[in-house]
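Beneath this line is the structure, given in structure tokens, with notes to follow.
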Amino acid sequence: MPEPKAEIIIKDGLIFKQGEVKTYTGVVEDTIEGKIIKYEVINGKKSGEFKTYFKNGKLEMLGRIKDNLNQGKWTYYYQTGQVESEGTFNDDLPDGSWKWYYENGNLREEGNYEKGNREGRWIFYDVDGKIIGEKILEKNQIIEKE
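Per this note's numbering, the sequence shown starts with residue 1, numbered consecutively.
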């Protein structure tokens, strides 16, 4: 059963159950501004699945954490349940292919990150899916616009 956040304390970057000396392992559930947050903890560190839910109970965000760092695929959702964006993290930095979508499901923007920096060709679309622009980036700086 998930532990309520009130029963959990964070000290020196590690998570403990209140009143205990040993680091916590289990699931934590918290509510912030009406949104529910659930995550797994292993040996005092966020590790495993991380989820947040909108006030309406629908999934807002789903990803994985290892040793308190975002890792692997993360997906963000609109309140309708439609995917808003998706991409990967490596050691807490966006890395690899990322895509953003309009609420109608059409692609809005796509490109690649390298160690947290926008790199290479980024393509932008209008709400109907038509390409409206392209940019070539190097370490977040535009080097060419099309």
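Beta carbons: idealized from backbone N, C-alpha and C, even for Gly.
| query | result |
| --- | --- |
| So for residue 134, helix, strand or coil by DSSP? | strand |
| Hey, could you find the ends of the beta strand (DSSP E) residue 54 is sitting in? | First-last for residue 54: undefined, no H or E at that position. |
| Excluding the 5 residues flanking residue 85 on each side, which residues of the same chain have their C-beta closer than 8 Å to its C-beta? | 75, 76, 98, 99, 100 and 101 |
| With burial defined as no fewer than 16 other Cβ atoms inside 10 Å of the residue's Cβ, what is the status of residue 126: buried or exposed? | exposed |
| Would residue 70 be called buried (16 or more neighbouring beta carbons within 10 Å of its own) or exposed? | buried |
| With DSSP collapsed to three states, give me the class of residue 86. | strand |
| Kindly give me the distance between the Cβ atoms of residue 105 and residue 94, rounded to whole angstroms, as I take these residues to be in contact under 8 Å. | Not really, about 22 Å apart at Cβ, beyond 8 Å. |
| Report all residues from its chain with a CB closer than 8 Å to the CB of residue 144; omit the five preceding and five following residues, and keep chain order. | 135 and 136 |
| Considering only their Cβ atoms, is the gap separating residue 28 from residue 38 smaller than 9 Å? | yes |
| For residue 71, which beta-bridge partners are listed by DSSP? | 64 |
| Taking all protein chains shown into account, decide if residue 121 is buried (16 or more other Cβ within 10 angstroms of its Cβ) or exposed. | exposed |
| Alpha carbon to alpha carbon, how far is residue 103 from residue 67? Give it in angstroms, no decimals. | 33 Å |
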